[in-house]
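Student:
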Amino acid sequence: MNFSKILIIGCCYFIIFACHSGKADSNPAMAAAFDTSHYTMVKWIDSIVNFGTITKGEQITVHFRCKNIGAEPLILVNVRPVCGCTVADYTKHPIMTGSEGLIEAAFNSNHVSPGSVFKTIIVNTNTKNGTEHYLFFRGNVTTDSTNSTK
0 MNFSKILIIG
10 CCYFIIFACH
20 SGKADSNPAM
30 AAAFDTSHYT
40 MVKWIDSIVN
50 FGTITKGEQI
60 TVHFRCKNIG
70 AEPLILVNVR
80 PVCGCTVADY
90 TKHPIMTGSE
100 GLIEAAFNSN
110 HVSPGSVFKT
120 IIVNTNTKNG
130 TEHYLFFRGN
140 VTTDSTNSTK
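Numbering (numbering that gives the first Met the number 0), first residue to last: 0 to 149.
1. Determine the closest residue to residue 69 out of 94, 83, 55 and 82, with distance taken between C-alpha atoms.
2. Tell me the rounded alpha-carbon separation between residue 113 and residue 36.
3. Tell me the rounded alpha-carbon separation between residue 90 and residue 142.
4. What did DSSP end up calling residue 23 once you bin it into helix, strand or coil?
5. Do residue 99 and residue 66 have their beta-carbon atoms positioned less than 7 angstroms apart in this structure?
6. Is the beta carbon of residue 139 closer than 7 angstroms to that of residue 52?
7. Spell out the partners DSSP gives residue 106 in its beta bridges.
8. Within this structure, are the beta carbons of residue 59 and residue 50 separated by less than 7 angstroms?
9. State the CB to CB distance for the pair residue 42 and residue 81, rounded to an integer number of angstroms; the pair is presumed to be in contact (CB under 8 angstroms).
10. Please state whether the Cβ-Cβ distance between residue 136 and residue 61 is less than 7 angstroms.
11. Take the Cβ of residue 125 as the centre, count every other Cβ of all protein chains shown within 10 Å, and call the residue buried at 16 or more, exposed below.
12. In angstroms with no decimal places, state the Cα-to-Cα distance between residue 120 and residue 106.
13. For residue 73, which of 40, 87 and 48 has the nearest alpha-carbon?
14. Which whole-angstrom value is the C-beta distance of residue 48 and residue 63, which I expect to be below 8 angstroms?
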């Protein structure tokens with residue numbers, strides 16, 4: 000084997016090791032989220048939200064609540080809206096047994112056509128009842144400001 004092949008293989012191993020060691024090992028909550036012995040149960044208090052009718056150009060925030068009904072801390076590992084018209088923020092610290100967490104989704108109606116809207120947010124958790132959960136919000140976007148209800 001020549002020196003260039005050894006160098007390339009060595010670099011690949013270094014990159015793989017560096018990427019792995021930086022994720023879960025440096026963050027105890029993230030490490031627990033991927034450890035099945037720390038899986039818990041989640042109950043979604045709000046999994047479908049209807050925001051009613053808004054005027055195109057309005058920005059609204061919808062809220063989704065969850066409750067840890069298991070024995071281990073609940074970790075919302077990742078929250079990702081399916082489209083670019085929505086930005087999500089969420090409880091980032093472990094949610095203790097019996098406590099609630101929150102996901103806030105900010106929806107910008109400038110990025111959609113008027114009419115019926117149905118959007119999805121995917122949430123990854125450390126739960127026995129599914130590590131991937133789907134949250135939905137819906138409503139109507141109109142161009143007529145007299146129909147707007149909040």
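All C-beta atoms in this analysis are idealised placements derived from N, C-alpha and C, irrespective of residue type, glycine included.
Given the structure is predicted, the values throughout are model-derived calculations rather than measurements.
Tutor: According to the data block:
1. Locating residue 69 in the sequence shown gives position 70, counting from the first residue. Taking only the C-alpha atoms, the option nearest residue 69 is 94.
2. Walking along the sequence shown from the start, residue 113 turns up at place 114. Walking along the sequence shown from the start, residue 36 turns up at place 37. Rounded to the nearest angstrom, the two C-alpha atoms are 47 angstroms apart.
3. On the sequence shown, residue 90 is found 91 positions in, with the first residue counted as 1. On the sequence shown, residue 142 is found 143 positions in, with the first residue counted as 1. Near 34 angstroms, if we compare the C-alpha coordinates of residue 142 and residue 90.
4. By one-based count along the sequence shown, residue 23 stands at place 24. For residue 23, the predicted structure reports a pLDDT of 49, less than 50, and the residue's modelled location is therefore unreliable. A value from the coordinates is still provided. Residue 23 falls in the coil class under three-state DSSP.
5. By 1-based counting over the sequence shown, the position of residue 66 is 67. By 1-based counting over the sequence shown, the position of residue 99 is 100. Closer than 7 angstroms, so yes.
6. Here residue 52 is taken as the residue at index 53 of the sequence shown, counted from 1. Here residue 139 is taken as the residue at index 140 of the sequence shown, counted from 1. Contact: yes.
7. Here residue 106 is taken as the residue at index 107 of the sequence shown, counted from 1. Paired residue(s): 59 and 85.
8. As a first step, residue 59 is located in the sequence shown; it is residue number 60 there, counting from the start. As a first step, residue 50 is located in the sequence shown; it is residue number 51 there, counting from the start. Yes, they are a contact pair.
9. Counting from 1 along the sequence shown, the entry for residue 42 is found at position 43. Counting from 1 along the sequence shown, the entry for residue 81 is found at position 82. The Cβ separation is near 23 angstroms, so there is no contact.
10. If you number the sequence shown from 1, residue 136 lands on position 137. If you number the sequence shown from 1, residue 61 lands on position 62. The answer is yes: Cβ separation under 7 angstroms.
11. Start at 1 with the first residue of the sequence shown, and residue 125 comes out as number 126. Per the 10 Å Cβ criterion, buried.
12. For the purposes of this step, residue 120 is taken as residue 121 along the sequence shown, with counting starting at 1. For the purposes of this step, residue 106 is taken as residue 107 along the sequence shown, with counting starting at 1. So the alpha carbons of these two residues sit roughly 11 angstroms apart.
13. Taking the first residue of the sequence shown as 1, we reach residue 73 at position 74. That would be 40, whose Cα lies nearest to the Cα of residue 73.
14. As a working note, residue 48 is residue 49 in the sequence shown. As a working note, residue 63 is residue 64 in the sequence shown. Confirmed, Cβ separation roughly 7 angstroms.
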